[in-house]
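There are 2 protein chains.
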Amino acid sequence: MAATIRDVARLAGVSTSTVSRALSVPDLVNATTRAKVQSAAASLGYAPNKAARGLITGRTGNIGLVLPDLANPFFPSVVKGVQSRARAADVAVFVADTDENDLAEINLVRALAKQVDGLILCSPRANADELKRIAAETTVVLVNRLFDDIPAVVFDHQDGMRQAVAHLVALGHQRIAWVGGPVSSWSSEQRGSGLAAAAASQGVELVQVGHFPPYYDGGMAAADQVVATGATAVIAYNDLVAFGLLGRLHLRGLSVPADISVVGIDDIEAATMVRPTLTTVRLPKQQAGRLAVELLLSLLDEAVAPTPEPGGDSPGSQPDRARAEAKTNHRSLTGELMVRDSTGVAAR
Amino acid sequence: MAATIRDVARLAGVSTSTVSRALSVPDLVNATTRAKVQSAAASLGYAPNKAARGLITGRTGNIGLVLPDLANPFFPSVVKGVQSRARAADVAVFVADTDENDLAEINLVRALAKQVDGLILCSPRANADELKRIAAETTVVLVNRLFDDIPAVVFDHQDGMRQAVAHLVALGHQRIAWVGGPVSSWSSEQRGSGLAAAAASQGVELVQVGHFPPYYDGGMAAADQVVATGATAVIAYNDLVAFGLLGRLHLRGLSVPADISVVGIDDIEAATMVRPTLTTVRLPKQQAGRLAVELLLSLLDEAVAPTPEPGGDSPGSQPDRARAEAKTNHRSLTGELMVRDSTGVAAR
DNA sequence: GTGAAAGCGCTAACAG
DNA sequence: CTGTTAGCGCTTTCAC
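Chains as they are written, first to last, in the working numbering: chain A, 1198 to 1545; chain B, 1198 to 1545.
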């Protein structure tokens, strides 16, 4: 059995309260006692029981991360970001994979909610009502989805899509196909509309080719329709779909980029492992994870020490404005185009 | 604030102990009381606080999973397996990524150990002493590494390697190169020796080409040495390394499988997304995760209700033998060769 | 600056 | 079958 605070107290010849203080609010105890306690703790290899502490402080020191599918390389990156930031704050992370199942999602959220201080929901599939309810019950940060004023970290696809289109236009493409992701996916909608805006402002034609599952097979399924549009370039919902496109195009004897250019979104590691290597919009996935943790932690602190009510001495409408904006708690990250071998001069 | 057991007790008009019993050992309470309690609990949306329960039962209902690198697609699969099995047992999973850093590994283990019932260590990098110490302090199951008699789930590479070699031999290959993984990797050693045995028994020549990092770059680095051996086929430590090989061979203008055949190990999803698709030994990764959880849970139960001491009425040396074997708590999983486009008839 | 006492939410004896 | 009592390991008043 691990050492308890009592063992430390006994060894140091002080009360348990003193041990507690010496370890968590060191300034409250005399330097010599503190040293005594610390060495006692060290020699016993004592570490406080987080669960017991949580019981009384109401803070467990744990957060939960819920995501749709670890098999999609996008998510492990986010997990890594979350982990690295959480570790720095000495916070442990529960990870739950929902298998793209929205029912499993809400069950997992409910189960986890009890034992964490807050939740990070990555690309949640839950509907609006569920989301609202969840956010009402526990502190949550959304990643890759915006909803009401629930705090969130999202990718701004406007600029990434602009870069992708500019690149293709420079190569002479005038007709671009867009392979959308799942209908219910917030990010697919964002990517699509960002792309539409970019295409419009740069004067190229955009053809949407339906909605497909965000996997390799989705790309396989989309490829023939893409070809049928007569587009000379195609932008896929994500890299996995782009790979599927590559696969099917290859089967049909079409060569990339000679016959058609392919652009992905995400920049998963495999994008440089396939041939041709994939031109794609790199999304700062790890950073999103880190930011989400930061946002969550700041929210939690805020709950403990709430910001003083406005109404200071100066009118200061300017600062108020800034605060209001910060208050929405939305962080936006932009992507960056990685030009590789899957895009080239427009065919004919 | 969430409802507590007291709220439920009040609403149902019973004591807290009755609530506790009704919910965790239903048979111990009268059917009508039970119903009353259950409906009260339901209407309050009550769920027991696991941390508080753990404080007294000594079981948190949580397990920890520590692994080297989520960016390697091998690991997310294991995580998925662990999750699915854990969820079925209503156990939550802490996941910690060590970034292949053995120091981080032991720190994470220490931090997690306090708040979980047991730990699953996947491909641990820790040295023998550390491992011994960890296993002494907490219930642990190893995945992908065997050490002493710490319970473990491993892959038996003997048969997978035999299959791979048989396949290559059938294609006329007589000289096979082996690209090893990290020197300190237990599984690299296993794979290497399994391969050596297979090669010897099937009468083909095997050339080891050093040790390389288990990534794409490792394969890139190994490729030229592989070519220099004059081998007509190469087996890589894992699929990622095989991809690196494919990449560098392509750069050098060598064609796979016409000039050289390439075999990987793992069968990560991307193996069917590259061109040529990769022939590889499929490892049942998810199953390993599931088995590890099962093993861990059974170990935990055992600790609670220990097996009765031997010494029954019958001498039964046969059953004893079986029990002793089961007692080692090692589960072995075998791989299966997936033949795809990266292997072909030996280049003469 | 430090100790004694109370209690977080829950379960496990122990009586009845 | 059910209620009372005690206490898991810790923090936090409240006195001294």
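The beta-carbon is built from N, C-alpha and C at its ideal position, and this holds for glycine as well. Here the structure is a predicted model, which is why all the values come from computation and not from measurement.
Helix, strand or coil at residue i [DSSP, three-state]
i	result
N1259(B)	strand
A1289(A)	strand
A1333(B)	helix
H1354(B)	helix
Q1405(B)	strand
L1343(A)	coil
R1537(A)	coil
A1349(B)	strand
A1200(A)	coil
G1585(B)	Past the edges of chain B, shown from 1198 to 1545, lies residue 1585(B), and the structure says nothing about it.
L1493(A)	helix
R1322(A)	coil
L1480(B)	coil
D1299(A)	helix
D1498(A)	helix
L1264(B)	strand
V1275(B)	helix
V1313(A)	coil
V1338(A)	strand
Burial state of residue i (16 or more Cβ within 10 Å)
i	result
Q1312(B)	buried
V1380(B)	exposed
A1543(A)	buried
R1203(A)	exposed
E1499(A)	exposed
Q1371(B)	exposed
D1421(B)	exposed
R1282(B)	buried
G1532(A)	buried
D1228(B)	Asp is not the amino acid found at residue 1228(B); the sequence shown has Ala there. Classification of A1228(B): exposed, given that the 10 Å Cβ count is below 16.
Q1405(A)	exposed
N1341(A)	buried
V1222(A)	exposed
R1231(A)	buried
G1541(B)	buried
L1300(B)	exposed
G1415(A)	buried
D1345(A)	exposed
D1294(A)	buried
A1367(A)	exposed
I1331(A)	buried
D1436(B)	buried
L1318(A)	buried
S1320(B)	buried
D1463(A)	buried
A1239(A)	exposed
I1253(A)	exposed
T1257(A)	buried
R1322(B)	buried
T1525(A)	exposed
S1452(A)	exposed
S1199(B)	According to the sequence provided, residue 1199(B) is Ala. The question's Ser does not apply to it. So A1199(B) ends up on the exposed side.
Checklist entry - With a cut-off of 8 Å, do at least 3 Cβ pairs link the stretch 1252-1272 of chain B to the stretch 1258-1275 of chain A? => result Inter-segment contact for the stretch 1252-1272 of chain B and the stretch 1258-1275 of chain A is present: three or more beta-carbon pairs are separated by less than 8 Å.
Checklist entry - Hey, is the stretch 1387-1404 of chain A in contact with the stretch 1213-1222 of chain B, meaning 3+ C-beta pairs nearer than 8 Å? => result The stretch 1387-1404 of chain A is not in contact with the stretch 1213-1222 of chain B.
Item to check | Segments assigned alpha helix (DSSP H), at least 4 residues, entirely inside the stretch 1202-1257 of chain A | outcome: Runs of the alpha helix (DSSP H) inside the stretch 1202-1257 of chain A: 1202-1209, 1213-1221, 1228-1241 and 1247-1254.
Checklist entry - Listed from N- to C-terminal order along the chain, which residues in the stretch 1276-1296 of chain B have their beta-carbon within a distance smaller than 9 Å of any beta-carbon of chain A? => result Per Cβ criterion, the list reads V1276, K1277, Q1280, S1281, R1284, D1287, A1289, V1290, F1291, V1292, A1293, D1294 and D1296.
Next on the checklist: What ranges does the alpha helix (DSSP H) occupy inside the stretch 1369-1449 of chain B, keeping only unbroken runs of at least 4 residues that lie completely in it?
Outcome noted: Runs of the alpha helix (DSSP H) inside the stretch 1369-1449 of chain B: 1383-1398, 1413-1426 and 1436-1448.
Item to check | Stretch-stretch touch, CB-based, cutoff 8 Å, three pairs: the stretch 1426-1443 of chain B with the stretch 1234-1253 of chain A | outcome: Segments in contact, no.
Checklist entry - Just by C-beta distance, which residues in the stretch 1440-1468 of chain A are closer than 7 Å to chain B? => result Per Cβ criterion, the list reads F1440, G1444, H1447, E1466 and A1467.
Next on the checklist: Could you check whether the stretch 1301-1312 of chain A touches the stretch 1451-1470 of chain A, counting it as contact only if at least three pairs of C-beta atoms, one from each stretch, sit closer than 8 Å?
Outcome noted: With the cut-off at 8 Å, the stretch 1301-1312 of chain A and the stretch 1451-1470 of chain A do not touch.
Checklist entry - Curious, which full-length beta strand (DSSP E) runs of at least 3 residues does the stretch 1446-1474 of chain B contain? => result Runs of beta strand (DSSP E) with 3 or more residues, each lying fully within the stretch 1446-1474 of chain B, are found at 1458-1463, listed in chain order.
Checklist entry - In the stretch 1397-1412 of chain A, which residues sit with their C-beta less than 7 Å from some C-beta in chain B, listed in chain order? => result Cβ contacts with chain B come from no residue of the stretch 1397-1412 of chain A.
Checklist entry - According to a CB-to-CB cut-off of less than 7 Å, which residues of the stretch 1244-1271 of chain B neighbour chain A? => result Answer in chain order: A1244, N1246, K1247, A1248, A1249, G1251, L1252, T1257, L1267, A1268 and P1270.
Next on the checklist: If contact is defined by three or more beta carbon pairs under 8 Å, each pair taking one atom from either stretch, is the stretch 1331-1341 of chain B in contact with the stretch 1481-1495 of chain B?
Outcome noted: Enough Cβ pairs lie closer than 8 Å, so yes.
Next on the checklist: Whether or not the stretch 1435-1455 of chain B and the stretch 1323-1336 of chain B are in contact is what I'm after, with contact meaning three or more pairs of Cβ atoms, one per stretch, closer than 8 Å; do they touch?
Outcome noted: No: the two stretches stay apart, fewer than three of their Cβ pairs being nearer than 8 Å.
Next on the checklist: Counting only Cβ-Cβ distances shorter than 8 Å, please list the residues of the stretch 1469-1482 of chain A near chain B, keeping chain order.
Outcome noted: Those would be T1469, M1470, V1471 and R1472, in chain order.
Next on the checklist: Output needed in chain order: residues of the stretch 1208-1241 of chain A with a Cβ under 7 Å from some Cβ in chain B.
Outcome noted: Those residues of the stretch 1208-1241 of chain A placed with their C-beta closer than 7 Å to a C-beta in chain B do not exist.
Next on the checklist: So if I threshold CB-CB distances at 7 Å, which residues from the stretch 1310-1331 of chain A count as touching chain B?
Outcome noted: When C-beta distances to chain B are compared with 7 Å, the residues of the stretch 1310-1331 of chain A below that value are K1311 and Q1312, in chain order.
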